[in-house]
Every structure is written in structure tokens, then in C-alpha cells.
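S.K.:
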Amino acid sequence: MKQTSKATSSTSIRKSAPAKKTTSQKTAAAKKAASTSATNEKGASLLEKFFVDSLKDIYYAEKKLTTAIPKMEEAATTEELKEAFNDHLHQTQKHVKRLEKVFGLIGKKAEGKKCEAIEGIVKEAESIIEETKEGSMTRDAALIIAAQKVEHYEIATYGGLVQLALTMDLDQVADILDTTLMEEEDTDHHLTEIAEAHINMDAEHEGANYSWSTEEDEDDEEEDDSEESEDE
Ligand code: FE
Ligand code: FE
12 MKQTSKATSS
22 TSIRKSAPAK
32 KTTSQKTAAA
42 KKAASTSATN
52 EKGASLLEKF
62 FVDSLKDIYY
72 AEKKLTTAIP
82 KMEEAATTEE
92 LKEAFNDHLH
102 QTQKHVKRLE
112 KVFGLIGKKA
122 EGKKCEAIEG
132 IVKEAESIIE
142 ETKEGSMTRD
152 AALIIAAQKV
162 EHYEIATYGG
172 LVQLALTMDL
182 DQVADILDTT
192 LMEEEDTDHH
202 LTEIAEAHIN
212 MDAEHEGANY
222 SWSTEEDEDD
232 EEEDDSEESE
242 DE
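If you count by our numbering, then the sequence shown holds residues 12 to 243, one letter each, in order.
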């Protein structure tokens, strides 16, 4: 979708998104509102229905993340990644509350709808934890990428929803969603910084004992139990 690619290069979307519409955008939105008013008298337009559906999807995702992030925090090796996860957990709890506010503003009950995408991304993060050695930097390097997949999914969703809210003249809703969008983007950038500062390098240098755990590795290393230190 068009918004997805726009959302990932999101600085422009954010700056132009909330509140400030050009006159021509306003006129277009007003025309659109007028042309859909007939639909609205009978019920929600298809776009409104899609919008509400997408809110339910991201509401489900955010709630799922409030239980997934603590597991990632616990599994992380470095204090800085643990701290990054913990900070974002608190933001995520706010994201849930903001969505509840948005549901209230549009007169809908806050409810989630199973989001298969986030289920899959979270499953991938869980298998990274299973497949990497505890205490390794490789685990952190991999967890950062898993977390960034989450952020990118959220950025795509919020980026699109901000634009739809503006299109439907829901300026206050757009502002609220945009606040969350900015926090997702900041988190994504912060994770990149942590990875590039030293985690990726450290992961590269930690050697074969801490490499990605595969069956071949386990066969190769059968004889050197003295070097196993992951059970400490
Ligand atoms: Fe979020
Ligand atoms: Fe997030």
C-alpha cells in the first residue's frame, strides 16, 4: 500500500500529517465529507469500517506486545537492551491507553481483533530466544532485529491510520495516533543506535562458542563440556 512505504520514510509524513492541512486538502476533505454524508446517515462508510477494523488490529497488537516485551527484556544480554525494552514497554502501555481514547472519540467500544501479523512476528522473537545462547551478544543482535520488525509493523499501521484520520477530518484522532507513531519511530532509531554502537560488533567477535545454536554445532562440540558456560 502506498502509505506503507511513505510511513517507513516517516519524517515527512509526521511533519505534514497532523493538524496542518493545506487549503486544497481541506477543500478535498470537505467535498469528500459531503459526498459521504449520505452513507453516514445510514451507517459507516467502507473506509470508516476499514479504519475501525485497523484500530482493532493494532489494539490487539499493542496488548499482545505488553506481554511479549517483558519476555524479550528478560532474555536480553546487555543492560542497555533490557533498558530499551523496558522503556518501550511503558510506552506500549500508553499506546494501549491512547487507542482506547481514540475508540472513545469515534464512539466505538475498544476491542481487539486477532492480528496474525503480530502473532507471527512475536513467534519469531520467541524462536530467536530459543535458538540463541543465553548471555550471548548474538542473542541481543538478533533480538534487536526482531524488535525492529515489530516497530516497522507499527510504523506502517500508524502511518496509514494517521493519513486516513486526516482524510476523514478526524484531526484529534490523527494527533493522538501521530504521537504514538513518533514514539515507534524513535524506538526504531534507538534500537539501530544500540546495535551499531557495539552489540553487532561484539556479536561478531564472540566466537564459535556463542554462535547461532544449530544441531551441527551441538554435534561438533560434544567433547568440550568444560567450555559450556550457559548454565551459570
Ligand atoms: Fe506501540
Ligand atoms: Fe512499538
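Think of the CB as a built atom: it goes at the ideal place given N, C-alpha and C, for glycine as much as any other residue.
Please read all numbers here as calculations on a predicted model, not as lab measurements.
What distance in whole Å lies between the Cβ atoms of Ala-152 and Ala-214, which are believed to be in contact at a cut-off of 8 angstroms?
M.R.: That pair is a contact at about 4 angstroms.
S.K.: Could you confirm whether any beta carbon from chain D is found closer than 9 angstroms to the beta carbon of Phe-62?
M.R.: Structure shown: chain D not included; a single protein chain is present.
S.K.: Please classify Asp-213: does DSSP put it in a helix, a strand, or coil?
M.R.: Helix, per DSSP.
S.K.: If Glu-73 and His-106 are in contact, beta carbons under 8 angstroms, what's the gap, nearest whole angstrom?
M.R.: Correct: roughly 5 angstroms between the Cβ atoms.
S.K.: Given the structure, does His-99 come close to ligand 2, in the sense that its CB is under 8 angstroms from one of the ligand's heavy atoms?
M.R.: Flag set: Cβ of His-99 near ligand 2.
S.K.: Where does Asp-189 land, buried or exposed, given buried means 16+ other C-beta within 10 angstroms?
M.R.: It counts as buried.
S.K.: Tell me which residues share the same chain as Met-307 and place their Cβ nearer than 8 angstroms to its Cβ, disregarding the 5 neighbours each side in the sequence.
M.R.: Since the displayed the chain opens at 12 and closes at 243, residue 307 lies outside it and no answer follows.
S.K.: Report whether the distance from the Cβ of His-106 to the nearest heavy atom of ligand 1 is below 8 angstroms.
M.R.: The answer is yes for His-106.
S.K.: I'd like to know if the stretch 108-123 and the stretch 181-188 are in contact, where contact means that at least 3 CB-CB pairs between them fall below 8 angstroms.
M.R.: Contact between the stretch 108-123 and the stretch 181-188 is present, because at least three Cβ pairs lie under 8 angstroms.
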